[in-house]
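Below is one structure, written out as structure tokens; comments come after it.
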Amino acid sequence: MKRLTLMFAAILSLSQFTAQSKQKSFDKNSKKMNSTEHYTFKLSDNVTRKTVTFKNRYGITLSGDLYLPKNAGNEKLSALVIGGPFGAVKQQSSGLYANEMAKRGFVVIAFDPSYTGESGGEPRNLASPEINTEDFSAAVDFIGLQKNVDRNKIGIIGICGFGGFALNATAVDKRVKAVATTSLYDMTRVMSKGYNDSVTPEQRTKTLKDLSQQRWKDAENGNPAKGSRNLPETLKGDEPQFVKEYFDYYRTPRGFHANSLNSNGAWLMTNPISFMNMPILTYVKEISPRPMLLIAGENAHSRYFSEDIYKSAVEPKELMIIPNAVHVDLYDKVDVIPFDKLENFFTTNLK
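FYI, the numbering for the sequence shown is 534 to 884, going by the numbering used here.
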């Protein structure tokens with residue numbers, strides 16, 4: 534299989550592990566990237582935003598932004614929890630979505646996942662299918678306690694890799710009344726099997742052997758080693774098209790944020806271990822009878838994830854394909870993201 538260069542999907546080949554084996558251990562002085570007031574979108578004049586914190590079930594303090602419609606009065610409103618993409622922060626896509634949905638009358642929280650951005654958790658730059666699923670439910674805990682929220686009217690939106698976690702959280706957390714995803718990734722599937730399930734059993738075994746050996750190195754050093762940067766400083770020009778598209782979002786003024794691993798950092802080398810052993814969408818059928826909306830770009834390299842989940846799920850479900858759109862178009866292009874559809878979906882189903 535030709536090695537893909539999308540590091541933040543964490544499909545790590547033997548050559549990467551060998552090249553990284555001499556890398557210094559994690560820099561303790563960069564445990565947490567400095568917070569910044571920079572957002573990749575403009576806050577609506579009809580929305581207020583404030584920083585909040587809350588703890589998940591593992592005791593990790595999460596940092597979020599709470600978006601409220603101005604002049605909402607004393608009415609209890611429907612609420613949304615938004616997370617993603619994988620490796621992004623709340624000042625990027627999830628915040629943009631929160632801003633747009635708050636304009637439409639919802640109370641919304643966008644959050645930094647555990648171990649990343651301004652949220653807590655050690656070591657830094659780590660992801661977990663269990664803990665990132667829990668992050669959604671912890672955000673539901675928080676938003677459901679707000680005095681202007683009807684806790685019986687809470688939905689979830691998951692973007693990219695957090696689309697998979699959003700579905701996983703909805704399956705187990707029956708407080709969530711409806712779920713929507715955009716540019717869905719199943720991170721456990723892609724890390725286990727590669728894109729389009731192209732990894733052979735032999736390749737999977739080899740990767741797991743390398744990850745296991747990396748644990749010895751981390752134990753000897755006393756710290757987990759970082760992998761290669763998620764995206765390079767510059768493009769060579771021969772990268773896969775979807776990598777160029779990620780670069781166009783994360784590494785340019787369009788979507789760059791210093792706290793984002795995809796813009797400015799790297800996952801830990803052993804990050805894939807739990808993802809390769811814990812499929813998150815085993816119980817996707819148990820989302821029913823609550824409604825599911827899956828949105829994907831017609832030309833997105835990730836489109837097959839949404840199509841396959843749609844086939845696996847049971848009614849009520851809907852798959853919406855956006856003509857001519859690629860994966861990252863659904864990160865920030867407000868003229869492409871079907872916000873009217875999302876508004877109607879949640880208005881109809883959060884009741």
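Virtual Cβ for every residue (Gly too), placed ideally from N, Cα, C. Predicted model, so just to flag it, every value in this text is computed and none were measured.
Please list the terminal residues of the continuous beta strand (DSSP E) segment that includes A660.
A660 -> no beta strand (DSSP E), and no H or E assigned at all.
Do W800 and G638 have their beta-carbon atoms positioned less than 9 Å apart in this structure?
Result no, Cβ atoms of G638 and W800 do not sit closer than 9 Å.
Give the single residue among N607, T733, P734 and I806 whose Cα lies nearest to the Cα of Q679.
Among N607, T733, P734 and I806, the Cα nearest to that of Q679 is on N607.
When you compare only the Cα positions, how much space is there between E663 and Y648?
The straight-line gap from Cα to Cα measures roughly 13 Å.
Looking at the strands, I want to know which residues DSSP matches up with E851.
Paired residues: L826.
Would you call G592 buried or exposed, if buried means 16 or more other Cβ atoms sit within 10 Å of its Cβ?
Exposed, by the Cβ-count rule.
So is the beta-carbon of E651 under 8 Å away from any non-hydrogen atom of the ligand GDP?
Absence of the ligand GDP is noted for the structure shown, with no ligands found whatsoever.
On the DSSP bridge assignment, give the partners of R708 in chain order.
Answer is none; R708 lacks a bridge partner.
Please look up how many angstroms separate the CB atoms of N632 and P602, rounded, as I've assumed it's under 8 Å.
About 11 Å separates the two Cβ atoms, so there is no contact after all.
Given a cut-off of 9 Å on the beta-carbon distance, is the pair I820 and T721 in contact?
Cβ distance not < 9 Å, so I820 and T721 don't count as in contact.
Could you tell me whether the stretch 697 to 707 touches the stretch 857 to 868, where touching means 3 or more Cβ pairs closer than 8 Å?
No: fewer than three Cβ pairs fall under 8 Å.
Just the Cα atoms here: how many angstroms apart are N729 and N604?
Roughly 47 Å separates the two Cα atoms.
Look up F879 in the DSSP assignment and say whether it is helix, strand or coil.
Reduced to three states, the DSSP call for F879 is helix.
For L613, count the other beta carbons within 10 Å of its own beta carbon; 16 or more makes it buried, fewer makes it exposed. Which is it?
Classification of L613: buried, given that the 10 Å Cβ count is 16 or more.
In terms of DSSP beta bridges, what is R582 paired with?
In DSSP, R582 forms a bridge with Y600.
Can you tell which of P786, D645, N804 and R582 has its C-alpha closest to the C-alpha of N589?
The residue with the shortest Cα to Cα distance from N589 is D645.
Sort G653, P805, V705 and P656 by Cα distance to S670 and report the nearest one.
When each option's Cα is compared against that of S670, the closest is V705.
What residue range is occupied by the uninterrupted beta strand (DSSP E) comprising D730?
Element bounds for D730: n/a, residue is neither H nor E.
Please tell me whether D781 and T573 are closer than 9 Å, where the distance is taken between their beta carbons.
Contact: no.
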